[in-house]
Each structure stands twice: as C-alpha cells, then as structure tokens.
Amino acid sequence: MPLGNEEIKIAQTIIAVALAFLSIALVMILFFYFSRKKIVQKEIEKRELEVNHQKELLHSVLVTQEAERKRIAQDLHDDISSKLNVVALHTHLLSTPDITDLERTEIMQQISDLTGKALENSRRIAHDLLPPVFERFGLHAGIEELVLEFNTSKTMQVTYTNSVKFDEAKNDKLLHVFRILQELLNNSLRHGKATQVQIIMTQQNDQIQLQYTDNGIGFEVHDSSKHRGLGLKNIESRVGILNGTFQVESQSGQGVQYNFNFSIV
Amino acid sequence: MLKVLNLFHYFIHLVNIVLLFRVYRNQNYSVKVFTWYIFAMGVLQLWVTILSKMHLNNLYLSHVYFITQFLFLSHYFHTVLIDPRIKKGIRITTIALVSIIGIQYVIYPDMFWEFNLVEIYLMSMPIIVYATMHLYQMLDQPKVNYNFTLGPLMYLIGSMSLFLFNFLMNQFRIKYPADVIMWFNIILFMGYHLILFTQIIRLKKTKVCH
Ligand SMILES: Nc1ncnc2c1ncn2[C@@H]1O[C@H](COP(=O)(O)OP(=O)(O)OP(=O)(O)O)[C@@H](O)[C@H]1O
Ligand SMILES: [Mg+2]
C-alpha cells in the first residue's frame, strides 16, 4: 500500500527530529570518550613525572654519599695518614742506637707536634661529620654555632631569630634542618657573594616556618636548563623526608629567599 | 505566576548586563565579546516585547535572534579556543552557514516571515559543538570562565530540544496548552542567566590581564 502524502511528511519529520537529537547525543558521547582518554593520559604522564623525579632524588642521594665518602677519604689521607706516616718514621728513628740526646728531643718534639696536628684534624673531620654542639645541645645551639662560624669570618653577616622550641628526641629529623641551613649558607657565600643573611624560624600549631633570605646576586630559579648542583637536590630530598614544602624566590641582583614549611612530629 | 517569572527573567538579564559593564574595562577581549553578546540579546528581548505589546508581527525577530546569537558565540569561542585547526573550522563554518541562510532568504524572501526550524538547528548545533570542545580543552588547560561555556551549552541544548519537541507536536497536531512551552522557555532562560551570574560575580574579584 503506497504511503499517503501526509504519512511521508510525518515520517520525514520523525526522522529529522530523531537525527537532530542524535547529533546532540553524538557530540556528548564523543566528548565523554575523548575526555576520558585525555584524563587517563594525564594521569599516566603525572605518574611518570613523579617516578622520574623520585629516581633523580635517589640518584642525587647516592652521588652525594659517594662524594662525601671521597671527601672523608681525602681528609683522612691528607690530614691524618700522612702525618701518622711521618710519626711512624720518626719513632723508627728513635730506635736507632747511635743518636744523641739532642736529636732525640728534637724527634720527640716533632712527633708530639705531628700527633697534635693529626689529633686536631681528626677532631675537625669528626666535627664536620656531626657537629657536637648540635648533638649535645640541640638544633638551636647548633645553628647558633654555625651562624657564629660564618659571622667570625667577617665577609657575611648572619642574623638568626628563632621562637621554636625543638624536641631533642627528634634530633635525627632536626639534623636535616641543620644540613639544609649549612648548604644554604654555603651557597650564599660561594655563589651569591651575599653580605647579609637572615634566618627566621617561627611556629604555627604543628607547622614550622623557616624563612631564609640573602642579599646576594641571586639566580634564575626556574631555569632548570642551567645545571643544578647537588646542593639544591639534597635540600629537596631532605624537605621531602620532613614531609614539608619549600619555595625559592629569586631575582637577579636582589638575592634569594627560601620559605620552608614542615612539621616535626 | 507566569508574569512574575517573566518579569524576573528580565530583571536577572538586566542585572547581568549591568554587572558585566561594571567590570568591562579590566576584562580581556573574550569577556568583552561575551558582554556585547549578552547586551545584544537584551536589546532583542526588549524589541520582541515592544513589538508584541503593539500587537505587531515579531516572528521575523527569531531569525535575527538566532543569527546574532550564533555570530557572537562563534566569535566568543573563536577567541577562547586555542587549537588553530578548530579556529579555522569555526571561521569556515560561520561563513558557510551564514551564506547558506542568507542565500535562502534571498531566494525565498517569504520565509523571513515564518518560523524556521532548520535555521534554529544550524545556528545552535555548531555552538554546542564549540562549547563541548572548549570543555574538552579546559580539561588540561587553565579554566577560562567555565560557566560562560557551560551556560550556552545547557541553554542551547535545552532550547533546541524545546523547539524540536514543539515542532513534532505541531506536526502530529497534538493539542497541549501553549503555556507549557512558555514555562519551559522561561525557566531555561533563567537557569541560563543564573549560571552566567555565578561566573560574572567571580569576574569582579579577579582582574584579568592579557
Ligand atoms: N644563594 C645563592 N645565590 C646565588 N646563586 C645561587 C644561590 N644558591 C644557589 N645558587 C645557584 O644555584 C646553583 C645550584 O646550587 P647547588 O647548591 O644545587 O649546587 P652547587 O652549590 O653549585 O654545588 P654543590 O652544592 O653540590 O656543591 C649554583 O651553582 C648557583 O649558581
Ligand atoms: Mg651548593
């Protein structure tokens, strides 16, 4: 039975309207499909970035460890082994039968000098490895001593204010803070040629804020293409261990400012 | 009731226009385009109301309305979308569709005085696509005036569905109270302007530099 004019018209209408709705549905479906894909893609990229970052940090820890070992080995070799060598030689000389009393006292004197120097060096090396003031009197005293060391050198004036009471039972964590400050001060002196440094520590609830400012030449913080040393990477991993965050701000000519945020619990 | 709602929807439209112009100066180009779009829509609304109060034929204004909306929103999405291929697509689509509709009215001038469903579809669907593309873009790019995209998307899908539905009912000669469509239309329009409003008040706080 052939369709009437009316029926054809109705059929056309239905098809047209259905197609119009379908086109909207299609747009939405495409949107969901592609956005899901994009989100998954982003997630993967983010995770890869995280993993890479972790790898880098681990790498820097290992490299630092090696460098530290090398430095200790060198210190031991140059400052102690060499002196003890000479001491051994001198004691050997002492046992030769035909030496005068004068020679003997001279050799004894030298031995005593050398052992004194070796002793002093070994003390210095030990201090470098673990500052005794920090060990015995805690972070605050440790920082004060560190600041004093820099201040007596006269090239850089460091001011340090602290209103935080540190728990000495957490010294293993606080040592990271100490090391961070050590590295920052060294950087300010070596790279920044700073003459003024300010260290401020405050506490809000559990959060400790550490603000570090120098007035040196500053550097391009965001320029990662510029080779970064181990110092900043180590700071980053130490802050990571403390579950903290930090920002660096710097403008060339206006020094560097670091803001750390962490909690010691 | 319908009257009150009607008044309210004029009111919120006016509020949006005023708020947009108050922050106009320190906005970037895309917001300025959007501001003029909302303004033009307001003018057209007013025109429709005046004509209907004077009992004159105002059906032809629906063409003006849809074409103006299409041009403004195309331009808006052209400025906020980043991908150059999409931008090019928008330019081509705009020129092609406006020519098609222009030629149609040159050949059949009588159509200008009638309601035109194909035109509504052609003037709404591309905007729906652009808005969706913008949503997609904002998944990983910074969000630019999110609700200026969500609003038109919701409004255009709603109004298009409404027109198609109305058309279908008329074809089948099904009788239903004309108020229903009016109600839907006004609620849709108010929803649209409320969504825009939430974005506009946020505009005030942030000074956007470009
Ligand atoms: N306070 C500062 N002022 C100016 N430049 C700085 C400062 N701190 C760091 N920099 C710049 O950042 C770079 C990276 O510093 P970082 O401490 O990571 O490495 P380094 O000091 O060169 O080497 P390392 O610490 O491993 O001995 C430095 O080479 C320097 O150019
Ligand atoms: Mg360094």
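Those protein sequence lines, which keep their order, are chains G and Y.
Quick note: the first sequence uses the numbering used here, first residue -14, plus one each step.
Quick note: the second sequence uses the numbering used here, first residue -13, plus one each step.
Glycine included, every Cβ here is placed at the ideal spot set by N, Cα and C.
The structure presented is a predicted model; accordingly, all values stated were derived computationally and were not measured.
Unbroken alpha helix (DSSP H) run spanning residue i, endpoints
| i | result |
| --- | --- |
| L195/G | Segment 192 to 199 is the beta strand (DSSP E) holding L195/G; no alpha helix (DSSP H) there. |
| S67/G | 67 to 79 |
| V130/Y | From DSSP, V130/Y is part of no alpha helix (DSSP H); its letter is neither H nor E. |
| S97/G | 86 to 114 |
| Q123/Y | 103 to 123 |
| M13/G | -10 to 60 |
| N136/G | 117 to 137 |
| I226/G | 215 to 226 |
| S16/Y | 15 to 39 |
| I87/Y | 70 to 93 |
Nearest candidate by alpha-carbon position, reference residue i, set the options
| i | options | result |
| --- | --- | --- |
| G88/Y | N44/Y, Q123/Y, M109/Y | M109/Y |
| I113/Y | L139/Y, K(-11)/Y, K74/Y | L139/Y |
| F119/G | H161/G, E91/G, T144/G, F17/G | H161/G |
| S145/Y | I9/G, I249/G, Y197/G | I9/G |
| L99/G | D64/G, L114/G, M186/G | D64/G |
| F151/G | I128/G, T137/G, I57/G | I128/G |
| N106/G | S237/G, V48/G, S67/G | S67/G |
| Q181/G | V36/G, T230/G, Y145/G | Y145/G |
| L104/G | Q242/G, L69/G, L42/G | L69/G |
| L180/Y | L(-7)/Y, M(-13)/Y, V1/Y, K(-11)/Y | V1/Y |
| I167/Y | F149/Y, P95/Y, Y178/Y, F183/Y | F149/Y |
| Y178/Y | F151/Y, L189/Y, Y162/Y, N133/Y | N133/Y |
| L7/G | I78/Y, R11/Y, S147/Y, Q127/Y | S147/Y |
| A1/G | A26/Y, F153/Y, Y91/Y, M97/Y | F153/Y |
| L4/G | N14/Y, T80/Y, M111/Y | M111/Y |
| I24/Y | V(-10)/Y, Y62/Y, M124/Y, A82/Y | Y62/Y |
Beta-carbon spacing of residue i, residue j below 8 Å
| i | j | result |
| --- | --- | --- |
| N147/G | H125/G | yes |
| L47/Y | V66/Y | no |
| G28/Y | I53/Y | no |
| F204/G | L170/G | no |
| L195/G | T140/G | no |
| G229/G | I202/G | no |
| F16/G | T118/Y | yes |
| L43/G | G225/G | no |
| L45/Y | E100/Y | yes |
| S237/G | S45/G | no |
| Y122/Y | S20/G | yes |
| I186/Y | L6/Y | yes |
| T81/G | I96/G | no |
| D126/Y | K27/G | yes |
| D191/G | V250/G | yes |
| Q188/G | T198/G | no |
| I220/G | E168/G | yes |
| Q31/Y | H(-1)/Y | yes |
| N172/G | G101/G | no |
| L(-9)/Y | D165/Y | no |
Distance cut-off 7 Å: residue i Cβ against heavy atoms of ligand 2
| i | result |
| --- | --- |
| E205/G | no |
| N70/G | no |
| G240/G | no |
| G177/G | no |
| E168/G | yes |
| G216/G | yes |
| N171/G | yes |
Closer than 7 Å: residue i CB and nearest ligand 1 heavy atom
| i | result |
| --- | --- |
| N190/G | no |
| D199/G | yes |
| G225/G | no |
| I165/G | no |
| I184/G | no |
| I57/G | no |
| I202/G | yes |
Endpoints, beta strand (DSSP E) assigned at residue i
| i | result |
| --- | --- |
| V233/G | 230 to 235 |
| N246/G | 241 to 248 |
| N(-8)/Y | Taken as a continuous stretch (DSSP letters only), N(-8)/Y belongs to no beta strand (DSSP E), being part of the alpha helix (DSSP H) at -12 to 8. |
| Q188/G | 181 to 189 |
| Y46/Y | Here Y46/Y belongs to no beta strand (DSSP E); instead the alpha helix (DSSP H) covers 46 to 66. |
| N147/G | 142 to 147 |
Would the region 45 to 61 of chain Y and the region 99 to 109 of chain Y be scored as touching if the rule is three or more Cβ pairs under 8 Å?
yes
Between the region 154 to 166 of chain Y and the region -14 to 1 of chain G, can you find at least three pairs of beta-carbon atoms closer than 8 Å?
yes
For the region 197 to 210 of chain G, list every residue whose C-beta sits within 9 Å of some C-beta in chain B, in sequence order.
Given the protein chain composition of this structure (G and Y), no chain B is represented.
Spell out a yes or no on whether the region -12 to 2 of chain Y and the region 168 to 187 of chain Y are touching, meaning 3 or more CB-CB pairs, one atom from each, closer than 8 Å.
yes
So, do the region 17 to 25 of chain Y and the region 57 to 71 of chain Y have three or more beta carbon pairs nearer to each other than 8 Å?
yes
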